[in-house]
Amino acid sequence: MRKTSINLIILFAVLCIFGCNKKENQSKAQQETMENIRISDYGVTSKGDSVKKYTLANKNGMKVEIINFGGIITSLTAPDKNGKYEDVVLGFTRPEDYFNGNSYYFGALIGRYGNRIANAKFTLEGTSYDIDKNDGSNSLHGGKDGFHTKFWNIESVKDAKFPTLKLTYTSADGEEGYPGKLTTTVFYTLTDENALEISYEAETDKPTVVNLTQHSYFNLSGNFSKTILDHEMQINADKFLPVNETLIPTGEQKAVKGSAFDFTASKPIGKDISADDDQLKKGKGYDHNWILNGNGLRSIAKVYHPESGRVMEVLTDEPGVQFYSGNFLDGKFDTKTGGKNEFRTGFCLETQHFPDSPNQSSFPSTELKPGQKYQSKTIYKFSVKK
Ligand code: GLA
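Just so you know, we're using full-length UniProt numbering here: the sequence shown kicks off at 1 and counts up by one.
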C-alpha cells in the first residue's frame, strides 16, 4: 500500500516535470513566431480582460510599444541630435486610464469614421443612419465605443523585412449605428530608417463609410510638460477647411495664403496661434483639416524641434490631415515625464479623408461598398537636423 502511494507520487512528479517543460517549449515557440517582437503583460481592464504590450525595435535602438486594446501606441522613441532616444508620444502613466474612456484618444487607432459627422446622421444609398452622438450634436471618432476602445487581435507578420504587427478587428453590422460588418486590418511596421509605417485595410458586407486614422500626440522635446508651440511645422497644403462652431466643415475650401493657416513654409506652431482669427477662435487653436497638395503616397508635413534637433516627416496617400494643436488637453492627468497634460503639450497630425464627408457631396467619397477594398497608408519618419 505504502509502496503504491510512493510510486504514484513519483509518477505525478515525472508528469509534472514533463508538463512544465512542454509549457516552456510552447512559450518559446510563441516568442519565436513573434520574431523580434517582445510581448509582455500590460494591464487588466475593469472587466478582467488582460491587455498585452508588443514592443517593436529596430537596429538603431528605436522602439515602439503597442497594446492590443485600441491598437494604442503607448510609447515611441526617436533620437535627438546627440543620438539620445526618448519617448515622443503623449500617454497615460496608468494603464487603466486607457481602458476607461481615453477621452483624448491618446495613441489610438480611430474608426470606423475618424473626425466628426454632423448631427450624428448620414444618408447612404437612400437609407438614413443615426450614429452615436458623443460630441455635442455630432459624432466624433466612430462614437463613444469606437475602435479606440476595442480589443484587436494581434499577430506578427512572418518573413516581413522589418518587425510588423498585424491587427484585426471585426466591427459588427450596426455597431455605433454604422451599417455593414466591417473587417479591418492595420499593419504597424518599424523600419531601420526610423519610420513607423501604418497600413490600413477594410472590407464590408453592406455599403458603409470608412475613415481610419491614428491619434498619436507628439511632443518632439521628449518632455511632456513643455508646450509644442516652439515646434516648427510645414504642411504641403494650399487650402484648408474652415469650420462652424461645432467644428464641422462649412464646405468652403479656403486658401491658406496670408492667414494663420499658412504652413506652406515652415514656422513655429505658436507663431500665429493667437492671431485674431475667427477660425482659430472656433478651434480654440488649430483643429482643422488641411487639403493636401498632390496625391498618392507623398510627403505632406514636416515638424522640427530646434532644441532637440528632432524631425518628424509625415507621408500619406490620404487627401487630408487634421492638424490639432492639443487645445483640449486640460492638465487632468500625469504625463510620463512628470507634470500634467497641460494645454497644447502635444500635437496630432491625423491623416484622413475630410470630416463630415458622408454629408458633403463635394468632398472625396468615404463610402465603401461590398467587393471593394479600403486601403490607406501613412508613415511617421524620424530623423535629426543639427
Ligand atoms: C480630434 C478632434 C479634436 C479633439 C481631439 C480629441 O483631433 O479634431 O477636436 O476632439 O480629437 O480631444
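From the three backbone atoms N, C-alpha and C, an ideal C-beta is built for every residue, glycine too.
What you are looking at is a predicted structure, and each value in this text was computed from that prediction instead of being measured.
Taking each of 92, 334, 254 in turn and checking the Cα distance to residue 43, the smallest one comes out for 92. Straight-line measurement puts the Cα of residue 113 at about 9 angstroms from the Cα of residue 356. Within the DSSP secondary-structure output, residue 367 pairs in a beta bridge with 209.
DSSP places residue 129 outside any alpha helix (DSSP H); the residue lies instead in the beta strand (DSSP E), whose first and last residues are 127–130.
Comparing alpha carbon positions, the residue from 206, 266, 285, 205 closest to residue 242 is 285. Counting C-beta atoms within 10 angstroms of its own C-beta, residue 96 has fewer than 16 neighbours from the protein chains shown and is therefore classed as exposed. Considering only 374, 268, 327, the residue with the shortest C-alpha distance to residue 341 is 327. About 5 angstroms separates the Cβ atoms of residue 344 and residue 227, confirming a contact at the 8 angstroms cut-off. When the Cα atoms are used, residue 72 and residue 211 turn out to be separated by approximately 17 angstroms. Listed in chain order, the non-local C-beta contacts of residue 133 below 7 angstroms within the same chain comprise 120, 139, local neighbours out to five positions each way being set aside. Relative to the ligand GLA, even the nearest heavy atom lies 6 angstroms or more away from the CB of residue 333.
For residue 122, there is no enclosing alpha helix (DSSP H); the enclosing beta strand (DSSP E) covers residues 121–124. The ligand GLA never approaches residue 97 closely enough for any of its heavy atoms to be under 6 angstroms from the residue's Cβ.
When C-beta atoms of the stretch 280–295 are compared with those of the stretch 320–339, three or more pairs fall below 8 angstroms, so the two segments count as touching. Beyond the five residues adjoining it in sequence on each side, residue 168 comes within less than 6 angstroms, by CB distance, of 153, 185 in the same chain, given in chain order. Judged by DSSP secondary structure, residue 354 falls outside any beta strand (DSSP E); it is assigned neither H nor E. Residues of the same chain with a CB within less than 8 angstroms of the CB of residue 122, apart from the 5 flanking positions on each side, are 128, 129, 131, 209, 358, 359 in chain order. Partner residues in the beta bridge of residue 380, as assigned by DSSP, are 196, 314.
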